[in-house]
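Trainee: Numbering-wise (this note's numbering), the sequence shown opens with residue 47 and increments by one. By construction, the Cβ of each residue, glycine as well, lies at the ideal position given by its N, Cα and C atoms.
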Amino acid sequence: MDFNAALKNIFVEESEIPSEFSLPSLIHQREYLSDGVMKPWDGPVHEVYSPVCVKTENGLERKLIGSYPVCTAAEAEESLNAAVAAYNNGRGEWPTMGVAERIHRVEKFTGLMIEQKDIIVKLIMWEIGKSFADSAKEFDRTVEYIYATIDSLKNLDRDSSGFDIVDGIAAQARRSPLGVVLCMGPFNYPLNETFTTLIPALIMGNTILFKPPKFGTLLHYPLQEAFRDCFPKGVVNVIYGRGNAIVPGLMQSGKINVLTLIGSSKVANELKKQHPKVNRLRAVLGLDAKNAAIVTPNADLDLAVKEIILGALSFNGQRCTALKIIWVHKSVADQFLEKLSAAVGTLKFGMPWEKGVSLTPLPETNKIEYLNECISDALTHGASVVNENGGKSEGSFFYPAVVYPVNKEMKLYHEEQFGPIVPVVPFEDLEETIEFLIESTHGQQVSIFSNDADEVAALIDPLVNQVSRVNINTQCQRGPDVFPFTGRKDSAEGTLSVPDAIRAFSIRSLVAFKMNEQNKQLINEIVHEDTSNFLSTKFIF
Ligand code: G3H
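Below, the structure is given as structure tokens:
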């Protein structure tokens, strides 16, 4: 079948969707978790359409999969008050609970979450168009992240269960919660990235207001009863509604202690400014990125192409860590482009349930128009689409375009395209690539492709001060999840990783006393009688 015909046939009729990947029914959510109860909702709702279109008499139509509440600022405020009451100035049941019991509750939640795996994985696939295999991986990675967080907290607690004695003063330092956390995740990893902030914030004793992402919303519905059943009332509250209608009021209340958002720096800036006392607000943010690959004449081009394909096109380029601009030395550019274009041509495209599929439909409704705009802007400024069929689209599907030669005049040089376009920039002197990174508003990661040790070393030193991770002959990525994940400039605030996140959502508090007989006796009594959850020498096994 020729390419155009294959593209036309990418979508199927409703009856052709394999039953093992279908949702059991439409999911019309009419309740949400707030203050320990599933509150009924009979107000306006938002209909959820999948990026997967189906062939109908009227042509291609996005498939309806359900709907969820569009609440107002009043319901968000009720949930905020529930979270504030559950925290109770740090005196609530959850923030004062011992670490072992908090861990036990999170373990119980994880068990209930695993029972919902089937429906959650299907909802990830249907809501954002991620392949079924990658949706399952996202679920498993999230469960592993939770267990790794529990282990990390146990280690932290074990290290804190003794006393330090310095200059005649003894102290026990532990990490304590910060208060109410407003947590918002992104659509591209709607479960994983949301939970990499929500779970550490929760397990450290904070109370949570959680706003699900704009796509990947319904998949959080099956977990709400588990949150209700595992944690004291008001500890986890899920808020719904238009972000610009419900979030500013929450920030303006001054009752949010931590803002955690994986999203755009523009939104993060606007929200932080709404808080009346910014000094009281901690922000843990994962933001925009425009990660570059640098391919030098000393690179193994086959390896570079393999990694760049993964880096630029996994989940259709919709990763914050994706390679979004490729710098290639002029002397190897032709060879590189030929190999890269050929490699794009081998990627399987189709419906997310197909085995081995890597290119799938896009969830954002105006995305195809935006990607076309990027391409016509690049063509106007002298570039071409160099791979066969690059930039062709059908319905919500866009076939990857390798665009060359990209220059400073083009949108693709500056903007985070967050989609399947691979902009390639030729260079003569490595200094040009360093200048690009210095001038960039982003500073997350970079990938260097070269087998010359001196050349790599000469790039590492300037680049580690521009970005937060320099990858050698390897694509950019967040994982392994125990590695620090952060960025400079507009790319992040704070560091996320398994051990870093539990620190990001807590603060050290210590109990200190002069080492005299009276105090020793007093402290021993508290510890022996087990009357404080904080001051304790108990060891969590
Ligand atoms: O969207 C950004 C994600 O953190 C990417 O994670 O690089 O491990 O796919 P990953």
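Look at the alpha carbon of Pro443 and the alpha carbon of Gly105, and state the distance between them as a whole number of angstroms.
Mentor: Taking the sequence shown and counting its residues from 1, one reaches residue 443 at position 397. Taking the sequence shown and counting its residues from 1, one reaches residue 105 at position 59. The displayed chain sequence assigns Phe, not Pro, to residue 443. Distance between the alpha carbons of Phe443 and Gly105 is about 15 Å.
Trainee: Can you list every residue whose CB sits closer than 6 Å to some heavy atom of ligand 1, going in chain order?
Mentor: The answer, residue by residue, is Asn234, Tyr235, Glu239, Arg365, Cys366, Thr367, Gln523, Arg524, Gly525.
Trainee: Do you know whose CA, among Phe185, Asn362, Ala339, Ala129, lies nearest Val304's CA?
Mentor: In the sequence shown, residue 304 corresponds to position 258, counting from 1. For Val304, the nearest C-alpha among the options comes from Ala129.
Trainee: Distance, Cα to Cα, Asn497 vs Glu474?
Mentor: Translated into positions along the sequence shown, residue 497 becomes position 451. Translated into positions along the sequence shown, residue 474 becomes position 428. Taking the straight line joining both Cα atoms gives about 18 Å.
Trainee: What are the partner residues of Gly491, as DSSP defines its beta bridges?
Mentor: Position 445 of the sequence shown, counted from the start, is the residue given in the question as residue 491. The question names Gly, but residue 491 in the sequence shown is Gln. Answer is Arg515.
Trainee: Just curious, the alpha helix (DSSP H) that Lys454 is in, first and last residue?
Mentor: Taking the sequence shown and counting its residues from 1, one reaches residue 454 at position 408. Where Lys454 is concerned, there is no enclosing alpha helix (DSSP H), given that its DSSP letter is neither H nor E.
Trainee: Could you tell me which residues DSSP puts in a beta bridge with Lys85?
Mentor: Here residue 85 refers to the residue found at position 39 of the sequence shown. Note: Lys85 sits in a beta bridge opposite Tyr78.
Trainee: Is Thr99 helix, strand or coil by DSSP?
Mentor: Numbered from 1 along the sequence shown, position 53 holds the residue referred to as residue 99. As written in the sequence, residue 99 is Cys, which differs from the Thr given in the question. DSSP places Cys99 in strand when its eight states are reduced to three.
Trainee: Taking only the alpha-carbon atoms, compute the straight-line gap between Ala51 and Ile292 and give it to the nearest angstrom.
Mentor: Counting from 1 along the sequence shown, the entry for residue 51 is found at position 5. Counting from 1 along the sequence shown, the entry for residue 292 is found at position 246. Going by the C-alpha atoms only, they are around 45 Å apart.
Trainee: In whole angstroms, give me the CA-to-CA distance for Leu264 and Gly112.
Mentor: Along the sequence shown, one-based indexing puts residue 264 at 218. Along the sequence shown, one-based indexing puts residue 112 at 66. Approximately 8 Å between the Cα atoms of the pair.
Trainee: Tell me whether Phe495 is buried or exposed, calling it buried when 16 or more other Cβ atoms sit within 10 Å of its Cβ.
Mentor: Here residue 495 is taken as the residue at index 449 of the sequence shown, counted from 1. When all chains shown are included, Phe495 counts as buried.
Trainee: Between the Cα of Ser430 and those of Val468, Pro268, Phe395, Trp399, spot the shortest distance and give me the residue it belongs to.
Mentor: As a working note, residue 430 is residue 384 in the sequence shown. Looking at the Cα atoms, Val468 is the closest of the given residues.
Trainee: Run through DSSP, which three-state label would Ile354 get?
Mentor: Stepping through the sequence shown from its first residue, residue 354 is reached at position 308. Ile354: helix per DSSP, three-state reduction.
Trainee: Which residue comes first and which comes last in the alpha helix (DSSP H) that contains Met297?
Mentor: The sequence position of residue 297 within the sequence shown is 251, counting from 1. Start and end: 289 to 298.
Trainee: Mapping DSSP to helix, strand and coil, what is Met230?
Mentor: Within the sequence shown, the letter at position 184 stands for residue 230. Strand.
Trainee: Taking the beta strand (DSSP E) that Tyr114 belongs to, which residues open and close that run?
Mentor: Position 68 of the sequence shown, counted from the start, is the residue given in the question as residue 114. Tyr114 -> beta strand (DSSP E) spans 105 to 115.
Trainee: Going by DSSP in three states, Thr306 sits in which element: helix, strand or coil?
Mentor: Along the sequence shown, one-based indexing puts residue 306 at 260. In this structure, Thr306 counts as strand in the three-state DSSP scheme.
Trainee: Can you tell which of Asn579, Ala338, Val284 has the C-alpha that lies nearest to the C-alpha of Ile372?
Mentor: Working through the sequence shown from its first residue, we reach residue 372 at position 326. Ranking Asn579, Ala338, Val284 by Cα distance to Ile372 puts Ala338 first.
Trainee: Quick check on the DSSP output: what are the complete beta strand (DSSP E) runs of length 3 or more inside the segment 334 to 398, in order along the chain?
Mentor: As far as the segment 334 to 398 is concerned, its whole beta strand (DSSP E) runs of at least 3 residues are 337 to 341, 369 to 375.
Trainee: Here's the rule I'm using: 16 or more other beta-carbon atoms within 10 Å means buried, otherwise exposed. How should Lys168 be labelled?
Mentor: Numbered from its first residue, the sequence shown carries residue 168 at position 122. With 16 or more other Cβ atoms within 10 Å, it is buried.
Trainee: Report buried or exposed for Asn55, applying the criterion of at least 16 other Cβ atoms within 10 angstroms of its Cβ.
Mentor: In the sequence shown, residue 55 corresponds to position 9, counting from 1. Looking at its Cβ environment, which holds fewer than 16 other Cβ atoms inside 10 Å, Asn55 is exposed.
Trainee: Can you tell me whether DSSP reads Leu224 as helix, strand or coil?
Mentor: Counting from one through the sequence shown, the residue named residue 224 turns up at place 178. Note: Leu224 maps to coil in three-state DSSP.
Trainee: What's the call for Val374, buried or exposed, on a 16-neighbour Cβ count within 10 Å?
Mentor: Position 328 of the sequence shown, counted from the first residue, corresponds to residue 374. Buried.
Trainee: Note down, one range per segment and in chain order, each beta strand (DSSP E) of at least 3 residues found wholly within the segment 167 to 241.
Mentor: With a minimum length of 3 residues, the continuous beta strand (DSSP E) runs that stay inside the segment 167 to 241 are 210 to 212, 215 to 223, 226 to 230.
Trainee: Can you have a look at Ile254 and say buried or exposed, based on whether 16 or more other CB atoms are within 10 angstroms of its CB?
Mentor: In the sequence shown, residue 254 corresponds to position 208, counting from 1. Ile254 should be labelled buried.
Trainee: Within the chosen definition, does the segment 354 to 366 reach the segment 517 to 535 through at least 3 CB pairs nearer than 8 Å?
Mentor: Judged by Cβ distances under 8 Å, the segment 354 to 366 makes contact with the segment 517 to 535, as three or more pairs qualify.
Trainee: What runs of the alpha helix (DSSP H), each 4 residues or longer, lie entirely inside the segment 413 to 450?
Mentor: With a minimum length of 4 residues, the continuous alpha helix (DSSP H) runs that stay inside the segment 413 to 450 are 413 to 426.
Trainee: At the 8 Å Cβ level, is Gly105 part of the contact set with chain D, yes or no?
Mentor: The structure shown contains no chain D, having only a single protein chain.
Trainee: According to DSSP, simplified to helix, strand and coil, what is Thr243?
Mentor: Position 197 of the sequence shown, counted from the first residue, corresponds to residue 243. Three-state DSSP puts Thr243 in a helix.
Trainee: Helix, strand or coil for Arg148, going by three-state DSSP, please let me know.
Mentor: Start at 1 with the first residue of the sequence shown, and residue 148 comes out as number 102. Arg148: helix per DSSP, three-state reduction.
Trainee: Taking the beta carbon of Leu349 as the centre, do at least 16 other beta carbons fall within 10 Å, making it buried, or is it exposed?
Mentor: The count along the sequence shown starts at 1 and reaches residue 349 at position 303. Exposed.
Trainee: Three or more C-beta pairs under 8 Å: does that hold for the segment 552 to 559 against the segment 215 to 234?
Mentor: Yes, the segment 552 to 559 is in contact with the segment 215 to 234.
Trainee: Give the single residue among Gln270, Glu93, Ala447 whose Cα lies nearest to the Cα of Glu161.
Mentor: Counted from its first residue, the sequence shown places residue 161 at position 115. With distances taken between Cα atoms, Glu161 lies closest to Gln270.
Trainee: Taking Ala335 and Gly533 to be in contact with their CB atoms under 8 Å, please state how far apart those CB atoms are, rounded to whole angstroms.
Mentor: Translated into positions along the sequence shown, residue 335 becomes position 289. Translated into positions along the sequence shown, residue 533 becomes position 487. Rounded, the Cβ-Cβ distance is 6 Å, consistent with contact.
Trainee: Based on DSSP bridge pairs, tell me the residues matched to Thr253.
Mentor: Residue 253 sits at position 207 when you count from the first residue of the sequence shown. Thr253 pairs with Val226.
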